[in-house]
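Number of protein chains: 4
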Amino acid sequence: MLVVMDAHATEEQVRAVCARVEQLGLKAHAIPGSSRTAIGITGNRGAVDLGTLESMPGVVECIPVSKPYKLVSREVKEEPTVVRIRTPLGDAVIGGKCAALVAGPCAIESREQAFAIARHVRDAGGKLMRGGAYKPRTSPYSFQGLGQPGLEVLRAVREEFGLGIVSEAVDTETLDLVEECADMIQIGARNMQNFSLLKRAGRAKKPVLLKRGMAATLDEFLMAAEYVMAEGNYNVVLCERGVRTFSDFTRNTLDLAVIPAVQARSHLPILVDPSHGTGRRNKVLPLSRAAIAVGADGLLVEVHHDPATALSDGTQAILPEELRQLWTEARLIAEVLGRSMN
Amino acid sequence: MLVVMDAHATEEQVRAVCARVEQLGLKAHAIPGSSRTAIGITGNRGAVDLGTLESMPGVVECIPVSKPYKLVSREVKEEPTVVRIRTPLGDAVIGGKCAALVAGPCAIESREQAFAIARHVRDAGGKLMRGGAYKPRTSPYSFQGLGQPGLEVLRAVREEFGLGIVSEAVDTETLDLVEECADMIQIGARNMQNFSLLKRAGRAKKPVLLKRGMAATLDEFLMAAEYVMAEGNYNVVLCERGVRTFSDFTRNTLDLAVIPAVQARSHLPILVDPSHGTGRRNKVLPLSRAAIAVGADGLLVEVHHDPATALSDGTQAILPEELRQLWTEARLIAEVLGRSMN
Amino acid sequence: MLVVMDAHATEEQVRAVCARVEQLGLKAHAIPGSSRTAIGITGNRGAVDLGTLESMPGVVECIPVSKPYKLVSREVKEEPTVVRIRTPLGDAVIGGKCAALVAGPCAIESREQAFAIARHVRDAGGKLMRGGAYKPRTSPYSFQGLGQPGLEVLRAVREEFGLGIVSEAVDTETLDLVEECADMIQIGARNMQNFSLLKRAGRAKKPVLLKRGMAATLDEFLMAAEYVMAEGNYNVVLCERGVRTFSDFTRNTLDLAVIPAVQARSHLPILVDPSHGTGRRNKVLPLSRAAIAVGADGLLVEVHHDPATALSDGTQAILPEELRQLWTEARLIAEVLGRSMN
Amino acid sequence: MLVVMDAHATEEQVRAVCARVEQLGLKAHAIPGSSRTAIGITGNRGAVDLGTLESMPGVVECIPVSKPYKLVSREVKEEPTVVRIRTPLGDAVIGGKCAALVAGPCAIESREQAFAIARHVRDAGGKLMRGGAYKPRTSPYSFQGLGQPGLEVLRAVREEFGLGIVSEAVDTETLDLVEECADMIQIGARNMQNFSLLKRAGRAKKPVLLKRGMAATLDEFLMAAEYVMAEGNYNVVLCERGVRTFSDFTRNTLDLAVIPAVQARSHLPILVDPSHGTGRRNKVLPLSRAAIAVGADGLLVEVHHDPATALSDGTQAILPEELRQLWTEARLIAEVLGRSMN
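Chains as they are written, first to last, in our numbering: chain S, 436 to 777; chain W, 436 to 777; chain V, 436 to 777; chain D, 436 to 777.
This is the structure in structure tokens:
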């Protein structure tokens with residue numbers, strides 16, 4: 436259910452409604468909008484006495500929400516959510532008029548590798564670097580990431596280059612560590628329905644980047660974000676990274692129509708990962724252009740200065756000079772849509 | 436097999452090689468390039484005596500082609516094919532530096548409807564109008580198109596508005612009629628592997644627009660074009676229109692990565708149909724922008740001045756004012772790629 | 436719409452209703468059931484005056500049919516349709532309590548090959564032999580079947596071994612020839628929505644075997660059968676042959692749940708083709724057992740005495756000794772379901 | 436790599452090879468076969484000195500394994516693995532000549548519900564009952580299972596009815612609890628690539644039931660089992676439960692061809708879950724028959740005495756009388772394959 440407050444409702448009135456909701460054994464989520472505040476109520480399996488809420492001061496109306504998702508929904512919050520990632524060089528902004536570029540290696544392999552790539556990311560104009568210390572791999576015998584030493588390298592990259600850090604957590608234990616080190620916590624496609632991990636991410640103090648699962652429907656994708664938000668973390672950025680189909684010339688099939696579909700249903704920003712989405716270096720630039728043109732709020736791109744020696748996913752990493760070209764093209768196309776890249 | 440001629444080979448030398456090939460019971464396809472001519476040889480199931488060809492005047496080398504496709508392949512012809520559609524207002528150009536917009540109703544319903552829409556297409560800047568007189572429909576009880584009277588309407592549109600006509604043939608009988616009336620013959624997705632129809636299209640004198648089947652792999656798509664070319668019609672334009680996947684918020688999943696994939700393997704131009712590709716009006720503009728940004732050679736778009744009353748596919752047709760916006764945005768994005776729209 | 440006749444209605448009364456329907460510009464399909472006749476009405480796009488029909492002698496009621504399919508539907512005809520294929524050795528029966536085995540090579544390659552395999556089919560206990568004279572092939576350069584000489588071989592097989600012949604038509608021209616030679620006309624998966632071909636098959640005098648398209652939904656599959664029946668040919672047998680999915684260890688993914696799904700909606704019998712459905716010889720026997728166990732009305736199986744030299748699809752053809760084992764196992768499993776194999 | 440021991444090698448010799456392998460920083464997995472022991476070596480990213488192993492007493496040869504999976508592979512262990520689940524009524528056996536029936540509710544809802552269903556399972560002849568105390572649900576607002584009280588109910592079912600208990604763990608915390616209470620630990624489809632959970636399951640003392648992910652390829656499925664085995668738990672049973680495709684008349688598409696495909700590559704037993712695989716009650720019996728006919732090592736079936744009131748997945752649960760019919764039919768079909776149900 437959704438409680439819509441009056442445009443002139445005081446903060447005190449909002450707090451009073453929330454308190455009453457909690458008294459009823461439910462959870463209240465006050466979501467400030469540009470003109471008014473809405474209060475989403477979750478946890479209601481039975482009958483909450485609506486009357487008592489509608490008669491409270493400052494309440495305009497109570498709307499029963501029939502859609503399976505609530506907090507992620509545009510019904511709850513009409514304006515697009517803008518997520519700010521703190522970096523030493525100032526905030527990176529994802530959403531609204533701003534599209535962001537997140538670039539970096541698939542996995543952190545060494546201090547040298549990370550620094551070499553970080554330099555290229557910063558020089559290309561990026562504020563955010565991606566890089567995994569923990570890698571979910573199909574085989575138990577593949578390189579699984581450096582682990583904690585990898586996080587130390589990322590901390591050093593942050594200090595040395597001023598870049599904000601985006602890194603993946605693969606379970607609740609590593610989420611504790613990533614939360615401490617990184618500026619944004621990534622939940623990978625294989626964990627999109629790892630609900631224990633989503634709940635833990637919902638209690639984190641850092642923004643969450645949630646990737647779509649390989650076979651996730653749009654509803655399942657948004658409900659996964661709902662798990663995070665239901666625990667109180669509203670800084671969620673979605674990411675399309677390709678779905679699994681019969682089509683065999685790319686690693687996955689990038690489903691770009693999901694961008695306008697998400698934007699019609701949800702206020703959350705959404706990025707596109709053309710590196711995993713295609714799995715082929717020569718398709719990353721064309722699909723990056725397409726992603727910005729379709730209206731995505733940014734790109735998550737793998738870049739490597741020496742892809743041939745990469746310990747994972749070398750075939751899909753672009754080269755530093757391609758990153759510069761991507762940045763230029765993306766900026767020009769974003770302008771056509773009245774947006775800017777950062 | 437592929438015979439590469441010397442850059443200075445005379446036309447006579449090319450003809451002599453072709454004649455020898457035909458003597459051997461095979462089919463020769465002379466494909467002129469910007470600097471040299473290549474001769475594709477098809478029909479070879481056994482052993483052609485290569486030696487006799489390599490020793491002929493003007494021949495540089497004979498390359499056995501291992502790929503399943505030959506005439507569609509970049510190995511045979513490196514430069515992109517540019518297809519010109521004759522229209523009363525001058526040629527519409529698809530390929531190379533030129534991307535084209537083909538717009539119009541799903542089906543021709545009446546002279547009034549067709550003229551109303553044609554006016555919008557011309558005013559928006561388009562040179563080519565699509566419109567079906569024969570409609571393949573899932574149900575035998577659905578509107579199947581006006582048939583021959585529909586073709587007469589299209590002929591009138593051509594005369595009145597100067598637009599080139601693109602219309603679908605659904606079998607060999609209707610192909611005869613469409614070939615006579617239209618400037619470009621469309622083969623629909625359901626007929627992509629109707630090999631008898633493809634062969635007939637290969638003997639047509641008009642360019643062919645070949646749509647990808649709903650579950651066609653890239654190889655099957657290119658091989659379908661090969662069927663047309665093997666009969667001698669080299670003016671083939673491909674068209675991505677979405678594939679069938681589990682993803683359920685759009686009618687089909689538009690597979691935009693197929694554009695760079697086709698361009699890497701083939702010299703043929705390729706359009707994108709965002710109307711069938713998404714099945715939702717509100718997704719046509721975003722995906723049209725994405726299609727041009729990814730590098731497609733144009734768009735095939737359904738437009739209707741009164742979609743609510745359309746006899747087929749009204750939910751995916753855009754409005755005339757959306758067509759004008761699409762045209763503006765597409766042109767700006769094409770410029771970023773150094774291309775122009777026509 | 437559906438007109439249900441009284442159990443005691445005379446043939447004359449049925450004819451009178453049909454005549455009235457035709458007068459109204461519609462098409463009447465009298466479908467005799469075990470206890471009563473139903474008359475399906477197709478072609479009704481506007482308003483037929485129901486009253487005039489309900490008041491006719493022998494009419495019980497007029498039911499508006501909302502489902503997209505009519506003639507294929509269980510609403511029109513409750514008892515399962517039993518299709519009888521005439522063979523020199525007596526009728527082969529598909530449907531009801533009878534499941535049938537149709538076996539033979541993918542393509543007819545020569546009289547020797549066809550006779551060798553026919554002997555194995557007959558000795559294993561089969562009454563029906565499959566074998567293609569016209570083969571739809573992905574590549575224009577692959578073996579496309581022997582054509583008319585292949586049909587002559589099939590005619591000779593029929594005479595020599597007494598087997599009924601099932602053979603594919605790929606366009607309206609070849610359908611004429613196949614209809615003359617074969618006892619059952621196969622429409623392949625790629626042509627499931629070749630509506631001109633379906634209509635022609637609907638005017639044929641022989642039963643039709645209609646294979647499911649690679650990406651066909653259940654509704655599309657049944658509507659394709661509706662195209663055939665709407666032209667007057669009610670002897671349609673469906674065939675599941677695998678759909679296209681991401682799953683890559685088989686050529687297609689055999690969707691056996693379609694069998695009970697078809698049986699819930701339609702009275703038409705349905706076979707399973709485990710040869711194309713898996714594309715792997717070692718999976719044909721297990722999936723054949725599964726098909727009979729799930730309740731299919733028979734099997735369409737490729738068999739070859741020398742698969743290594745087969746001109747097409749050799750990797751999925753089983754050996755003669757495997758055919759005998761298949762027959763034994765299928766019969767035992769059919770018994771568990773109270774059915775018999777023929 | 437794989438070390439094959441002599442048929443007469445002593446246990447001491449096997450231990451000595453394992454010790455040497457561990458000295459080299461690798462992991463040794465001694466896998467006793469019917470005639471000889473093989474030792475799988477995992478963790479080898481660089482160069483192990485093979486020579487030192489081949490010269491050890493009792494070693495026949497060292498085989499480099501190129502396949503991505505090792506411990507799950509038939510190359511390592513040729514005979515099928517037989518997993519025994521301890522129950523108060525004696526062992527339930529999965530694999531080899533024995534196929535097993537695991538039946539029960541989707542979720543444990545109350546002591547009354549669980550006991551009512553347990554009685555039906557036992558009376559039908561089953562030894563194993565499934566029932567979830569922890570349910571991974573798409574929505575955070577759906578019933579998530581009773582949690583620990585649900586496990587207590589299962590413990591009581593075990594005592595009262597003598598049934599072995601199969602129950603799902605959704606994270607490492609709940610795995611501790613499930614391991615204590617249940618006789619077999621289920622890992623659900625959404626967690627098939629939750630590698631932290633797989634590793635924890637690999638250290639459990641109870642057998643593991645691993646369900647295939649909705650979009651998992653065969654290799655990914657087997658590699659997930661490899662994660663469990665690489666930690667030392669060799670009692671792994673796989674389970675096909677349907678994959679996600681375009682086909683929309685069932686909840687998932689049951690991919691029965693995966694059964695012979697797994698059996699060709701791996702020694703692990705594999706069950707089929709026709710309840711999730713179809714999502715429709717009226718398809719559970721036909722697909723159960725098909726699963727046994729294709730050669731599966733058993734069934735995982737949802738049953739409910741009052742599906743209309745079930746808190747989750749009521750539409751796919753069969754009724755107690757259907758369970759009895761399923762048991763009868765499955766036993767008869769298993770006999771055709773020379774197997775018995777338990």
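Think of the CB as a built atom: it goes at the ideal place given N, C-alpha and C, for glycine as much as any other residue. Just so it is clear, the structure is predicted and the values come from calculations on it, not from any experiment.
Determine the closest residue to residue i out of the options, with distance taken between C-alpha atoms.
i: W/Gln579; options: W/Gly749, W/Lys512 and W/Glu544; result: W/Glu544
i: D/Ser747; options: D/Ser508, D/Ile474 and D/Gly566; result: D/Gly566
i: S/Gly730; options: S/Thr763, S/Pro695 and S/Ala743; result: S/Pro695
i: S/Ala427; options: S/Leu633, S/Ile753, S/Arg759 and S/Gly733; result: No answer is possible for residue 427 of chain S: the residues shown for chain S start at 436 and end at 777.
i: D/Ile622; options: D/Ser723, D/Glu608, D/Val592 and D/Val643; result: D/Val643
i: V/Ala726; options: V/Gly677, V/Pro755 and V/Leu703; result: V/Gly677
What does the Cβ neighbour count give for residue i, buried or exposed, with the cut at 16 atoms within 10 Å?
i: W/Ser775; result: exposed
i: S/Asp558; result: exposed
i: V/Leu524; result: exposed
i: W/Gly585; result: buried
i: D/Glu615; result: exposed
i: D/Cys460; result: Contrary to the premise, residue 460 of chain D reads as Gly rather than Cys in this sequence. That one is exposed.
i: S/Ser631; result: buried
i: S/Arg625; result: buried
i: W/His443; result: exposed
i: V/Glu737; result: buried
i: V/Ser682; result: buried
i: W/Ala752; result: buried
i: W/Ser701; result: buried
i: D/Ala745; result: buried
i: S/Pro492; result: exposed
Beta carbon of residue i, beta carbon of residue j: below 9 Å?
i: S/Pro721; j: W/Ala728; result: yes
i: V/Leu382; j: V/Ile520; result: Any question about residue 382 of chain V goes unanswered here, given that chain V covers just 436 to 777.
i: S/Gly749; j: W/Ala692; result: no
i: W/Gly637; j: W/Ala665; result: yes
i: W/Tyr662; j: W/Lys634; result: yes
i: W/Arg647; j: W/Glu675; result: yes
i: S/Arg716; j: S/Pro755; result: no
i: V/Val672; j: V/Val518; result: yes
Does the ligand HEM have even one heavy atom less than 8 Å from the beta-carbon of residue i?
i: W/Ala454; result: Within the structure as shown, the ligand HEM is missing, as the structure has no ligands at all.
Assuming residue i and residue j form a contact by the criterion Cβ under 8 Å, report the distance between their Cβ atoms to the nearest whole angstrom.
i: V/Arg471; j: V/Val439; result: 7 Å
i: V/Asn670; j: V/Arg679; result: Not a contact, Cβ separation roughly 29 Å.
i: V/Val605; j: V/Pro571; result: 5 Å
i: D/Glu514; j: D/Gly468; result: 6 Å
i: D/Ala538; j: D/Gly561; result: 5 Å
For residue i, which residues does DSSP report across the bridge?
i: V/Pro467; result: V/Thr472
i: W/Val643; result: W/Ile620 and W/Val671
i: W/Glu603; result: W/Gln621
i: V/Leu734; result: V/Leu536 and V/Val707
Using a beta-carbon distance cut-off of less than 7 Å, what residues from the stretch 669–703 of chain V approach chain B? Among the protein chains of the structure shown, namely S, W, V and D, there is no chain B.
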